[in-house]
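Listed in order, the protein sequences are those of chains R and F.
The opening position of the first sequence corresponds to residue 1 in the numbering used here, with each subsequent residue numbered one higher.
The opening position of the second sequence corresponds to residue 1001 in the numbering used here, with each subsequent residue numbered one higher.
Idealized CB from N, CA, C, for every residue including glycine.
2 protein chains.
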Amino acid sequence: MNREILRKNLTEIFSGALQAVLPDKAVKRHLSLEGSVLRIGSHEVGLDHVRRILVVGFGKASAAMAREVENILGERIDAGVVVTKYGHGLPLKRIRVMEAGHPVPDENGVRATREILDLVDSAARDDVLLCLISGGGSALMVQPREGLTLADKQQVTQLMLRGGVPIEEMNIVRKHMSAVKGGQLARLAMPARVFSLIISDVIGDLLESIASGPTAPDPSSFADAVDVLQRYEIWNELPETVRQWFEKAAGEPKAETPKPGDPLFDRVENLIIASNRSALQEAEQLAAKKGFNTLVLSSSVKGEAREIAHFFGAIAREIRQTGQPLPTPACVLAGGETTVTVRGDGKGGRNTEMALAILEDLQGLGKAAFLSAGTDGTDGPTDAAGAFAFPDSLERGRQKGLEWRHFLRNNDSYSYFDRLGDLLRTGPTGTNVMDLQILLVL
Amino acid sequence: MNREILRKNLTEIFSGALQAVLPDKAVKRHLSLEGSVLRIGSHEVGLDHVRRILVVGFGKASAAMAREVENILGERIDAGVVVTKYGHGLPLKRIRVMEAGHPVPDENGVRATREILDLVDSAARDDVLLCLISGGGSALMVQPREGLTLADKQQVTQLMLRGGVPIEEMNIVRKHMSAVKGGQLARLAMPARVFSLIISDVIGDLLESIASGPTAPDPSSFADAVDVLQRYEIWNELPETVRQWFEKAAGEPKAETPKPGDPLFDRVENLIIASNRSALQEAEQLAAKKGFNTLVLSSSVKGEAREIAHFFGAIAREIRQTGQPLPTPACVLAGGETTVTVRGDGKGGRNTEMALAILEDLQGLGKAAFLSAGTDGTDGPTDAAGAFAFPDSLERGRQKGLEWRHFLRNNDSYSYFDRLGDLLRTGPTGTNVMDLQILLVL
């Protein structure tokens, strides 16, 4: 029954961490109304001098965030529109919730964005604009720059995908083709006071990257966007009109997105209210309460899932053999977002694949266990959040006739753990701060 | 000149760690003669009751180890033969040093092994046999089992290489085709007292794996060897004579290598006198003396070098941003042996590749630096031990017109760092306890 106790500990630590980053909990911790004072993080706004409170939002968590904002501010909200992914809407009283296409933008996204931009554009100096930003916001926020069509944007994205352009560089180009991203929403809101409440789903919590940073300064320029297109040899494949559009924009300083140091950001506060790091902090507290020695390695773990697994395996082995980097009972925590290079045709996500890859390393380690799981509750194209790995999992698999190496080669991690009964299923959680890894060595 | 100070610190920590695992230093720490008492690790042997001291050795470090044994025991040595790789021999007085082929065994290996086996076979109850074991010993120790030829062994090895058999499973097969490996040398030495002084070059310091464990119990059996050959579908490709040989041996209990629990091992002590872990311990002490907060992650790091790099990158970022897993000035230490899946035709080893892959992660991290280097001083097919990575390396590369991504794609890490002047060149060190990684964040 060791296994069941370890599983219970892992599940409780993961669930507890999740509680800290759910949209409603995160909003509640950072937003309150005391008499006529609105507290947003460490900021205070006296509402006596505020004309209107406006709420907009983009992202998969925006409806859930908006609901909590309504709970807290109620009738103080003058108007609001948020856009979320199909199936993620909630019926609210004062904030209009719209649904649109994700990850592929669609016409509903265009319509919702237009409504949001109209509301933001109406904001005046004595208005407060609350922006609710979460992962997925980039696809839901669709408004091409003047001179470009949605079709142009889609075509450039397709060319970049085919050309193997890394996501960070793709986003530089996309930001500059949008009328909202890269701080442009904040510029449109001027001279209103802007507070963005942000759930981060990106490594390093870079404000300019979360939902493409609608209220954050953009360190990249039109020249950078053109450079990306040229370096990856996409420039010459662009439609003539799009190429001319870029050339023209790159020559006009006022076409640029707002840059770091722009005084407009004096009126803007970007607050990260939930992130992988806050989940890790909560997990660490819970594990410590349970009596574990704890070590948080990083909230920025990336790389190929099956290779990163070996690092956790190596640490597990060292803990067991030498008590380094920390003595037993040990809880090692990390988070981030790894990748899977698909070579087979099996079923699985990056979390179940990491759990599968660690199995060989865990063999013979006695009382130990590992969980990798996505905080959104959906690991890749599966209905599981992740999977549990134990020192005896390989042997249990063998007894069921499962050839581990075959499942690993075929990227079939979900199927393997499904057969073992070692998947973690939470259902969609409504939030996303990437993935968590929890390693226990007793 | 921050960079030069960081480089100096990394170099000093690495060189210091190396000192702890050099063959002569390691032997000296574990072997001494006080009057008529021979101390080997924590063991004491009264020489008044010892007839002869015999010394044998296999491995790249065996000549250097033997020289130190001569320094300590001098004329107390009655006879000795060690075999090492071409170019690694040293002129000794009482111990005969032979050179042979590595990594491909040759006839000189066969001759040397025969001499060693003759000496070991002559050992009596009141003799002490010192075995000096280090990496490479497996290829230098060549004596096929009765009924097999060297050509048979080579052919089976070729088939396994082509069949993609993992190294651990290949070694199960090879052990059973050898007359020395898998504890068989210890059996031959019976009833003499046997002390093996071992420099470990394998992950987890498994006695049965270092130089194929000539004096260690073998947990694997002939049935396991046959199972490997069948599972990887090599069985049917074997020459009929070899297949029959395996079938016969698998049916004869007394053909088995000595197993854990065999009483013969009551007369055998296997002492690991240098390992990745001892190098890390020394590195940690040195770093602490320099004022760094230290964290040893693991001595068992494995996996694809460029992916493992990201884990170190993620930890560096976390230290800078949150002071976790440890506060600055931080020194994070790890070791082991990673792999490189070669896709390009550039020049590099696993250490320079790891250093190259981390460059993007280190960008913007201020005063930080990373070194990955092989303790043998030879990273893959290069004349460097490894390479230094700094937050400004990418930018310095760009200024020299080096496109980082191109070098990474082409496995051309050596060339990149050669151009930057950031290779670590120690020359061959004469020892091997795998690789070390040192991360500094000030």
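Item	Value
Whole angstroms is fine: what's the gap from Met1237 of chain F's alpha carbon to Ile1358 of chain F's?	One detail in the question is off: residue 1237 of chain F reads as Glu in this sequence, not Met. The alpha-carbon atoms of Glu1237 of chain F and Ile1358 of chain F are separated by roughly 43 Å.
What does the alpha-carbon distance come out to for the pair Asp1379 of chain F and Gly1348 of chain F?	7 Å
With C-beta atoms as the reference, is Thr339 of chain R less than 8 Å away from Gly377 of chain R?	no
For Glu1304 of chain F, decide whether its Cβ has a neighbour in chain R, counting only Cβ atoms nearer than 8 Å.	yes
On the three-state DSSP scale, how would you describe Gly1016 of chain F?	helix
Could you check how far apart the C-beta atoms of Gly1183 of chain F and Pro1258 of chain F are, in whole angstroms? I think they sit under 8 Å.	4 Å
Quick one: using the 10 Å Cβ neighbour count with 16 as the cut-off for buried, is Tyr414 of chain R buried or exposed?	buried
Within 10 Å of its beta-carbon, does Tyr1086 of chain F have 16 or more other beta-carbons around it, so buried, or fewer, so exposed?	exposed
Does Pro1325 of chain F come within less than 8 Å of chain R when only Cβ atoms are used?	yes
According to DSSP, is Leu423 of chain R helix, strand or coil?	strand
How is Ala1316 of chain F classed by DSSP in three states: helix, strand or coil?	helix
Among all the DSSP beta bridges, which residues are the ones paired with Met98 of chain R?	R:Val83
Report the rounded CA-to-CA distance for Phe265 of chain R versus Leu1362 of chain F, giving the unit in angstroms.	28 Å
How far does the beta strand (DSSP E) with His1406 of chain F in it reach, from first residue to last?	It is not in any beta strand (DSSP E) - His1406 of chain F instead sits in the alpha helix (DSSP H) that spans Trp1404 to Arg1409.
Taking only beta-carbon positions, decide if Thr1322 of chain F is within less than 8 Å of chain R.	yes
Taking Cβ positions only, does Phe311 of chain R come closer than 8 Å to chain F?	yes
Opposite Ile1272 of chain F in the DSSP bridges: which residues?	F:Ile1198
From Gly1041 of chain F to Asp1383 of chain F, what does the alpha carbon distance come to, in whole angstroms?	35 Å
According to DSSP, what are the bridge partners of Gly1182 of chain F?	Looking at the DSSP assignment, Gly1182 of chain F forms no beta bridge with any residue, so it has no partner.
Under DSSP, the beta strand (DSSP E) around Ser138 of chain R begins and ends at which residues?	From DSSP, Ser138 of chain R is part of no beta strand (DSSP E) but of the alpha helix (DSSP H) over Gly137 to Leu140.
What residue does the alpha helix (DSSP H) around Glu1360 of chain F start on, and which one ends it?	Leu1359 to Leu1362
Thinking just about the alpha-carbon of each residue, which of F:Val1083, F:Leu1092 and F:Arg1114 is nearest to the one in Glu1099 of chain F?	F:Val1083
Less than 8 Å between CB atoms is the rule here; does Leu295 of chain R satisfy it with respect to chain F?	yes
For Arg1317 of chain F, decide whether its Cβ has a neighbour in chain R, counting only Cβ atoms nearer than 8 Å.	yes
List the DSSP bridge partners of Gly1336 of chain F.	F:Val1301 and F:Asp1435
Determine, using beta carbons only, whether Leu197 of chain R and Val27 of chain R come nearer to each other than 8 Å.	yes
What does Arg1111 of chain F pair with, by DSSP beta-bridge criteria?	Answer is none; Arg1111 of chain F lacks a bridge partner.
Would you tell me roughly how many angstroms separate the C-alpha atoms of Asn1390 of chain F and Arg1306 of chain F, rounded to the nearest one?	Reading the sequence as shown, one finds Phe at residue 1390 of chain F and not Asn. About 16 Å.
What are the residues of the region 87-119 of chain R that lie near chain F, defined by any Cβ-Cβ distance shorter than 8 Å?	none
Rounded to the nearest angstrom, what separates Val128 of chain R and Arg396 of chain R at their Cα positions?	58 Å
Could you give the distance in angstroms between the alpha-carbon of Val1441 of chain F and the alpha-carbon of Cys331 of chain R?	24 Å
Below 8 Å between beta carbons is the criterion; list the residues of the region 1273-1290 of chain F that meet it against any residue of chain R, in chain order.	Arg1277
Hey, Ser1300 of chain F and Ile1234 of chain F are a contact pair by Cβ (cut 8 Å); roughly how many whole angstroms apart?	Actually they do not touch by this definition, with Cβ atoms about 29 Å apart.
List the residues of chain R that Val1301 of chain F touches, going by C-beta distances under 7 Å, in chain order.	Phe311 and Ala314
Work out the CA separation of Gly313 of chain R and Glu1115 of chain F for me, nearest whole Å.	42 Å
Tell me whether Ile308 of chain R is buried or exposed, calling it buried when 16 or more other Cβ atoms sit within 10 Å of its Cβ.	buried
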